[in-house]
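Below is one structure, written out as structure tokens, with a few remarks after it.
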Amino acid sequence: MTTIDPNTPQVSPEVLAVHKKAIRQQKIRRGLTYALAGVICLWIIVPIFFIFSMAFTTQETVRSYPKGFLPFIPFSTETMTFFLNSDGIVPGLINSVLVAVITLVLSTLIAAPAGYAISRYIFPGRNFFRLSILAVRAFPIVVLSIPLAVMFIQLGFFDSIYSLSLMHTALALPTTVLVIGSVFASIPYELEEAAQVFGCTPFQAFRHVVLPLVLPGIAASGLFTFVMSWNEVFAASILTIQNRTLPAQVLFALSNSSEAYQFAGGFFLLIPSLLFMFFIRNYLFNMWGQVSK
Amino acid sequence: MVQGLILAIYDDEANLALLEEADLDAPTADLIAQSASIDILGRQGNLVPEEELEEGNLLTEVWFRIEAPDVDGNQVDGWASESRIRVREEAEDGTPIMGTVRRRLGSNADPLTSVFSEPNEKSEVVGQLEARTEVQIQDLATLEVWFLVSGEHEGQAVEGWAPSRFIQIFEDEVTGRVDRGNTGEFTTEFIEKMVNDRFFWPAVRSTAILMLIIIPTQFVLAIVMALVIQAQLRFNSFILYIFAIPLGVSDLAVGILWFAIFTQNGLLNSFLQTVGAIDTPSAWLTADSRNWILVAIWLAEVWRATSIVMVIVVSGLQAISNEVLEAAEVFGANLWQRLRYVILPLLRPSLQVALILRTILAFQVFAVVIALSGGDVVTVLANESYRQYFELRNTNVAAAYAFFILILSMFTSVIYLRAVRTQEEVAA
Chain R
39 MTTIDPNTPQ VSPEVLAVHK KAIRQQKIRR GLTYALAGVI CLWIIVPIFF IFSMAFTTQE
99 TVRSYPKGFL PFIPFSTETM TFFLNSDGIV PGLINSVLVA VITLVLSTLI AAPAGYAISR
159 YIFPGRNFFR LSILAVRAFP IVVLSIPLAV MFIQLGFFDS IYSLSLMHTA LALPTTVLVI
219 GSVFASIPYE LEEAAQVFGC TPFQAFRHVV LPLVLPGIAA SGLFTFVMSW NEVFAASILT
279 IQNRTLPAQV LFALSNSSEA YQFAGGFFLL IPSLLFMFFI RNYLFNMWGQ VSK
Chain A
-5 MVQGLILAIY DDEANLALLE EADLDAPTAD LIAQSASIDI LGRQGNLVPE EELEEGNLLT
55 EVWFRIEAPD VDGNQVDGWA SESRIRVREE AEDGTPIMGT VRRRLGSNAD PLTSVFSEPN
115 EKSEVVGQLE ARTEVQIQDL ATLEVWFLVS GEHEGQAVEG WAPSRFIQIF EDEVTGRVDR
175 GNTGEFTTEF IEKMVNDRFF WPAVRSTAIL MLIIIPTQFV LAIVMALVIQ AQLRFNSFIL
235 YIFAIPLGVS DLAVGILWFA IFTQNGLLNS FLQTVGAIDT PSAWLTADSR NWILVAIWLA
295 EVWRATSIVM VIVVSGLQAI SNEVLEAAEV FGANLWQRLR YVILPLLRPS LQVALILRTI
355 LAFQVFAVVI ALSGGDVVTV LANESYRQYF ELRNTNVAAA YAFFILILSM FTSVIYLRAV
415 RTQEEVAA
């Protein structure tokens, strides 16, 4: 007597073979995908690792040739110390951080209500508003910087970290508004309504229900703004002379500086990205996905 | 924006207004172009506000307010030019307090020196002094010299007064040229300057070449990266982090990064030497290896800016419903067929946006070019704008470049949008 086990359905050997083949193919494909992922990761990491090893080694190693293979470059803080002690680096660093923080605060303060408005309310001209935000994105920095520099000179507002922060805020705002808007849009309005049904004022509903939910997203957009301002070179070089930011200073000194200075500077400029991308990687699709909608 | 356009096509120093009299309020007699040659016919001093004295190229003369007995023996109080008075006594701080009237030279010169009611030769004469009269100096005033000039403008002879700050006088003191104007005019001068600049066409060429090689590579790589992310591998979150790092790297940092690799004693040569492919380090980034610089810029830009395309593509992929993909798989479509007939058509809007964004951003890249080529062996449009502004102090030409970039950006965006719309219309 044969009992049919419901867990082992009767299949013909042919079907089994096909099934096996499919599974094997899937495994191969999976393996290939892993290999591909590994190769692309190496493509991104190897240059970073190399500049890191150049930034943290002796100046002698930087000058030496051939350099030997990657992990065998001696570690030392000499190049980095040399870079940080060079002219204008510490003030540049302070300026960069100040500009980035002011930009972050300004753009978040302006963008949060704007983002809330475009995600929650339907008002006349809403689409035009969204479009014009995108249009500002389309104006190249190059086009905005030069007339602004001339204007700032006329207003006696030139070469200051505040005017540069204004410029960076203008550059960051379109993205920030859209990102924060998308963060708000991902919180169902029903939550707010429910809170109001239970007796919250609209402000309380916002403060106790929506805000805790959107804070991580807003923080991510803030970090992104920070990185953007930290990285921005063109406007920073054009709008400042005495109060250069770090990238502007490095660019200015680039042509007549040693390789040790350049490599250490290059790595130093990378640091915020290395740190912050870790925290905001999951919000990236929120941010840039929004642009295409 | 608008001001940028104005800077590019409006020269606010194109012409100098020549006035009918040596007075700012006098009506304009004629215009004369900047850098035109002129003859100096006369001169006169005019009071200027103190803050304007700091301006460059200002020719000044000093007038004294003096008290002295005139020819008739009356005590007069009025103004005379410094050139007529020899200072004999000065206070401790250098302020003149006493002097004598100079003698006029030449046989038919008027032996008397006039004293005016105001520091201006046009004002009323209050008295005449004999040479060598002792005068008390009460006060002094600084005047800007105005010149009565004549020259030629657009084929017409023109004549009028202009302040010295706009004029450069040659050594013979009777000829000169218009140094700068004070009246604006629309002009194509800056655009011509831009187009005739020896770096303009090389910049256009390398911008175009870079665009053509960077963007396709980027899109292929970005789609591959996006598919890897969508495959939801075990370390997906970590892989995403690695993929996203270049998104936050500036073009300056990436330029330095790839400079470290391509420089003569850099990673690439070290590697090639270690594996025995070369015996001596080869120079990749010199004027003789222009194409290698382009390759380096290409790699650097692909390294840096692919992530943003990937992010947009991933967002687009997430919007494609799984049923569609599964259906394609059930019907036996292989990976390439799914990509070609299902995924890419559905991704088109995302790719569109990514394409426009990437193109606009690609026009703005300049620091990577400076880092890898020093900024003149290979140059791009944004770099020229920077150079014109920063090194050559040519704000207007820099604005012309910036505007050229804007027009190119808009032009390519419109072309992309058109291309898609016609495809959709064809489909419909």
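Chains R and A are the protein sequences, given in the same order. Here the working numbering is used: the first residue of the first sequence is 39, the next is one more, and so on. Here the working numbering is used: the first residue of the second sequence is -5, the next is one more, and so on. Glycine residues also receive a C-beta, built at the ideal position from the N, C-alpha and C atoms. All values derive from a computational prediction rather than experimental measurement.
At least one CB atom of chain A sits nearer than 8 Å to the CB of Thr71 of chain R. Along the segment 157 to 198 of chain A, the alpha helix (DSSP H) occurs as fully enclosed runs of 4 or more residues at 183 to 190, listed in sequence order.
Between the C-alpha atoms of Asn320 of chain R and Ala220 of chain A there is a straight-line separation of about 14 Å. Around the beta carbon of Ile171 of chain R, 16 or more other beta carbons sit within 10 angstroms, so the residue counts as buried. Thr141 of chain R: member of the alpha helix (DSSP H) spanning 127 to 158, first to last residue.
When C-beta distances to chain R are compared with 7 Å, the residues of the segment 365 to 379 of chain A below that value are Ala365, Gly368, Ala376, Ser379, in chain order. DSSP lists A:Asn9 as the beta-bridge partner residues of Ala27 of chain A. Contacts between Asn259 of chain A and chain R, judged by CB atoms closer than 9 Å, involve Val100, Arg101, Ser102, Tyr103, Pro104, Lys105, Glu297 in chain order. The segment 301 to 312 of chain R and the segment 221 to 228 of chain A do not touch, with fewer than 3 CB-CB distances between them shorter than 8 Å. When Cβ-Cβ separations below 8 Å define contact, Gln69 of chain A makes no contact with chain R. In this model, Ile79 of chain A and Gln162 of chain A are separated by some 27 Å (Cα to Cα). The C-alpha of Thr214 of chain R is placed about 21 Å away from the C-alpha of Gln358 of chain A.
Only buried fits Asp24 of chain A, as 16 or more other CB atoms lie within 10 angstroms of its CB.
Contact with chain A is found for Gln300 of chain R, since one of that chain's Cβ atoms lies less than 8 Å from the residue's Cβ.
Looking at the DSSP output, Ala62 of chain A shares a beta bridge with A:Val70.
Among the CB atoms of chain A, none fall inside 8 Å of the CB of Val139 of chain R. If you draw a straight line from the Cα of Ile287 of chain A to the Cα of Ala294 of chain A, it comes to about 10 Å. Distance between Ile306 of chain A and Ser220 of chain R, taken at the CA atoms: about 15 Å. Judged by DSSP secondary structure, Val308 of chain A falls within the alpha helix (DSSP H) whose first and last residues are 284 to 313. Contact residues of the segment 268 to 281 of chain A toward chain R are Thr268, Pro275 (C-beta to C-beta distance below 7 Å). Residue range 316 to 324 is occupied by the alpha helix (DSSP H) that includes Glu320 of chain A, with no beta strand (DSSP E) assigned at that position.
With fewer than three CB-CB distances shorter than 8 Å, the segment 108 to 125 of chain A does not count as touching the segment 143 to 151 of chain A. Under the Cβ criterion (8 Å, minimum of three pairs), the segment 164 to 175 of chain A does not count as touching the segment 253 to 266 of chain A. Note on geometry: alpha-carbon atoms of Phe398 of chain A and Glu270 of chain R lie some 21 Å from one another. Interface with chain A (8 Å Cβ-Cβ cutoff): Val271 of chain R is included. Taking a 10 Å sphere around the C-beta of Trp57 of chain A, we find 16 or more other C-beta atoms and assign the residue as buried. The continuous beta strand (DSSP E) containing Ile131 of chain A extends over residues 128 to 147. Counting C-beta pairs closer than 8 Å gives fewer than three between the segment 180 to 187 of chain R and the segment 243 to 255 of chain R, which falls short of the contact rule. The residues Ile156, in chain order, have a CB closer than 7 Å to that of Arg168 of chain R in the same chain once the five nearest residues on each side in sequence are set aside. Look at Asp245 of chain A: its C-beta is under 8 Å from a C-beta on chain R. When C-alpha distances from Gly126 of chain R are compared across R:Ala291, R:Ser91, R:Phe90, R:Ile318, the shortest belongs to R:Ala291. Look at Tyr4 of chain A here: in three-state DSSP terms it is strand. Contacts with chain R at 8 Å (Cβ-Cβ) include Asn263 of chain A.
Ile272 of chain A sits in coil when the DSSP states are folded into three classes, being neither helix nor strand.
In the assembly as shown, Asp191 of chain A is a buried residue. Its beta-carbon has 16 or more other beta-carbons within 10 Å. With respect to Leu1 of chain A, Ala156 of chain A sits apart: the two C-beta atoms are not nearer than 8 Å.
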